[in-house]
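Which chain is which? The protein sequence lines are A and B, in order.
Take 1 as the starting number for the first sequence in our numbering and just add one per residue.
Take 240 as the starting number for the second sequence in our numbering and just add one per residue.
Even glycine gets a Cβ: it sits at the ideal position worked out from N, Cα and C.
One structure is given below, encoded as structure tokens.
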Amino acid sequence: MKGDKLLVGMTHIDNNLIDFAESYKMRKRISYKTILSIAASFCLVMSIVIIFATNFQNAKYEYGEDGKINISSIPGAIQINTSNKVFLADNGNIYPPEEFIDVHKNNGSTIVYGSVKNVKTVSITDGDLIWYITTFEIDVIDAIKKVDKSSTVKATSISCYEKGNPNFIGSLSSNIKIDKNTTGLFLLKNSPADKYEINGEKYSADQFASYYAMSQYDCDGKNFDYYGTTIEVDKLRSP
Amino acid sequence: MLDDKQIVNLYFERNEEGIRQTSLKYGIRLRNIANGILNNYEEAEECENDTYIQAWNLIPPNDPSEYFFPFLAKTIRHICLDICKKRQSKKRYVQYVELSKELEECLSSPNDVEEYIDYIELCKVISDFLNIQTDEKKFIFLRRYWFFDNICEIAKKAEISESKVKTTLHRLRNELKIYLQEEGYVL
């Protein structure tokens, strides 16, 4: 038998082999092309999404190094001078001193004695409402309770006034009197994630700072003034 | 476009539309096979037409609706190789001669006198041999010895180098020789 007979004799090989040889190239090409095109499409879509999201966010707000919104970049926000303004929006309970100590010694609040810097307050008018959003940093002199070893903490407070009167909304109560370079005792809590609608946009305190400022008291480092009663700072330290 | 079952039914009904539908669906692929073997487009077209006539004569009684394209492909290959054999002396079919020589490597005694061979059985053994190969090897062997592709075309289709195609073919021929011997084919 010569090679040509083997060549001719091969004509009747399995049908599946003929189909295979005809489609293998196509399958291989489809396989490569499919994988490449899927990968390319995915990268393209992701790039577009990232670019769009970045541009969209950047177009809407500026963000600080801590990833929080720079309140000056909020649409409609007007920066105001904080040195002469007191934003009193407290709806919290005024406890008897001993009870105050007991509550804050055992709850989840954060207490620091420190100096305020980089205070920034904006007002946003929304119909009859005027929102005041403040952010500031506290250079920690004494970490009294539940503060990590950070030397600086950033906090925010949000107040809302309706026709000149405090309008207490949700958990945003605060009683903060901040002047530049004010040193005092600050009661802080983790910023709530509850959303509040301002001019059609929803914001939460944790978008502006990690801590929410609840109260500030005059303090000399050892004692603080609690509505006329002098209390030792050490009484607030966690056991 | 009709499916294979519908086309084959037209042959059974002796409806010549079956040939037209076959040409529409498989004409290009069949011409490519013929052109690959004959390297002549006009002759390839003639072979294509002969294939349709052959199919017309074979259906019925045969019913290749489950393997219609392989049926047509085998038919056109057979027709093309008949032409090659008849015209070998004209030395126009270099590819046919070249491939025949290559396949002689698979044979223990290629110059033996004529002997009876059951080609159907031999094809089954070759199919078994190919079915245990990797897809790439199988593809290379089939494109070379069934479709008559040249080395360059196979390399492009398989997206590998020409030297790899040559090496793979050489090894496969040696392996096929051993496989045939083990299966009792001392050819």
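Per-residue burial, residue i [other beta carbons within 10 Å of its own, 16 or more giving buried]
| i | result |
| --- | --- |
| residue 404(B) | buried |
| residue 316(B) | buried |
| residue 42(A) | exposed |
| residue 45(A) | exposed |
| residue 200(A) | exposed |
| residue 214(A) | buried |
| residue 287(B) | buried |
| residue 257(B) | buried |
| residue 243(B) | buried |
| residue 3(A) | buried |
Cα-Cα separation between residue i and residue j, rounded to whole angstroms
| i | j | result |
| --- | --- | --- |
| residue 413(B) | residue 345(B) | 6 angstroms |
| residue 99(A) | residue 204(A) | 30 angstroms |
| residue 422(B) | residue 363(B) | 11 angstroms |
| residue 157(A) | residue 47(A) | 36 angstroms |
| residue 334(B) | residue 323(B) | 10 angstroms |
| residue 265(B) | residue 401(B) | 29 angstroms |
| residue 411(B) | residue 21(A) | 16 angstroms |
| residue 155(A) | residue 137(A) | 6 angstroms |
| residue 122(A) | residue 159(A) | 11 angstroms |
| residue 118(A) | residue 147(A) | 20 angstroms |
| residue 145(A) | residue 115(A) | 16 angstroms |
| residue 407(B) | residue 376(B) | 7 angstroms |
| residue 231(A) | residue 153(A) | 24 angstroms |
| residue 235(A) | residue 210(A) | 25 angstroms |
Which of helix, strand or coil DSSP assigns to residue i
| i | result |
| --- | --- |
| residue 257(B) | helix |
| residue 304(B) | coil |
| residue 371(B) | coil |
| residue 219(A) | strand |
| residue 397(B) | helix |
| residue 50(A) | helix |
| residue 16(A) | helix |
| residue 362(B) | helix |
| residue 61(A) | coil |
Whether residue i touches residue j by CB criterion (8 angstroms)
| i | j | result |
| --- | --- | --- |
| residue 111(A) | residue 185(A) | yes |
| residue 379(B) | residue 393(B) | yes |
| residue 24(A) | residue 367(B) | no |
| residue 276(B) | residue 320(B) | yes |
| residue 338(B) | residue 384(B) | yes |
| residue 292(B) | residue 250(B) | no |
| residue 76(A) | residue 124(A) | yes |
| residue 72(A) | residue 79(A) | yes |
| residue 202(A) | residue 196(A) | yes |
| residue 268(B) | residue 283(B) | no |
| residue 306(B) | residue 15(A) | yes |
- Entirely enclosed beta strand (DSSP E) segments - the region 96-156 of chain A, minimum 3 residues: Those beta strand (DSSP E) runs which fall completely within the region 96-156 of chain A and span 3+ residues are 110-126, 129-145.
- Where are the beta strand (DSSP E) runs, 3 residues long or more, that stay fully inside the region 246-299 of chain B, in chain order? Correct list: empty.
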